[in-house]
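Report on the structure given below.
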Amino acid sequence: MSVTPLAQQIYGFALSAIGGLLLGAGFDLYRTLVRVGRRRWWTSVADYLIWLFGAAIFFLLLLWGNLGEVRVYVFMGLAFGLFLYFRFVSEEVRAFWEGMLELILHVLRMILYLATFPFVFAYRLLRDCMSYLYRNMVKLKRWIHQKVRIPLRRAIQFLRVRLSSLSSRWKKIKGRIGQRFRRPPPGPPPNEN
């Protein structure tokens with residue numbers, strides 16, 4: 046077992062502290078995403094992602110700073126980095142993550158709005174036109190009934206009465222003409238006696 050030089054230990058400790066800061070930032074991102082998601086499946090996905098991120102950061106920094114050797118000062122540096130992060134930087138970074146998330150959600154809403162606007166506009170326009178036509182068809186039907194149908198019915202009744210009176214007059218005239226020009230009935234046959 047060899048002893049690691051002090052400079053290498055300080056370098057490993059500093060890298061572990063930086064890893065702690067990165068893990069703290071990842072944890073604040075996780076808290077922001079879980080608060081926005083509020084669904085069980087989303088919480089599970091975020092859990093897996095934060096653990097994968099944390100493990101990847103820890104092992105990459107461990108390999109880079111200590112050649113993969115796990116020492117006590119690595120855990121101390123990680124704890125120190127997390128302490129510094131949550132003590133001094135957490136609020137600002139969380140506000141940054143929330144702002145970024147709001148920006149991303151706003152952009153996604155705008156894209157969704159721009160993608161669906163033509164269809165929603167066409168639907169509303171068609172709905173309003175059909176509603177307008179239906180309302181006006183009812184009014185048009187009422188107007189036709191009052192202005193056209195009722196006077197037309199009265200005119201037809203008037204014509205019917207006039208035509209029936211003309212028909213009866215025509216029959217009388219025809220009967221009189223027929224009587225005037227009728228041949229007299231043949232008389233009795235002459236007696237030949």
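Per our numbering, the very first residue in the sequence shown carries number 46; after that it's consecutive.
The beta carbon of each residue, even a glycine, is placed where N, CA and C say it ideally should be.
Checklist entry - What is the rounded straight-line gap between the Cα of residue 52 and the Cα of residue 155? => result 53 Å
Task: Check: residue 107 C-beta below 7 Å from any heavy atom of the ligand MG - done: This structure lacks the ligand MG, and indeed carries no ligand of any kind.
Considering only the alpha carbon of each residue, which of 188, 190, 141 lies closest to residue 70?
141
| If you run the structure through DSSP and keep just helix, strand and coil, what is residue 232? | coil
**Study point:** For residue 50, three-class secondary structure by DSSP
**Key:** coil
* Asked: Helix, strand or coil: which one does DSSP assign to residue 85?
  -> helix
- Three or more C-beta pairs closer than 8 Å, one from the region 104-115 and one from the region 53-64: is that the case here? yes
Would the beta-carbon of residue 132 fall within 8 Å of that of residue 73?
no
**Study point:** Same chain, Cβ closer than 6 Å to residue 151, five either side skipped, listed in chain order
**Key:** none
Helix, strand or coil for residue 57 per DSSP? helix
CA-to-CA distance, residue 199 to residue 221, given in whole angstroms: 33 Å
From residue 145 to residue 78, what distance separates their C-alpha atoms? 11 Å
- Query: From residue 90 to residue 184, what distance separates their C-alpha atoms?
  - Reply: 59 Å
Which residues in the same chain have their Cβ closer than 7 Å to the Cβ of residue 186, if we skip the five residues on either side of it in sequence? none
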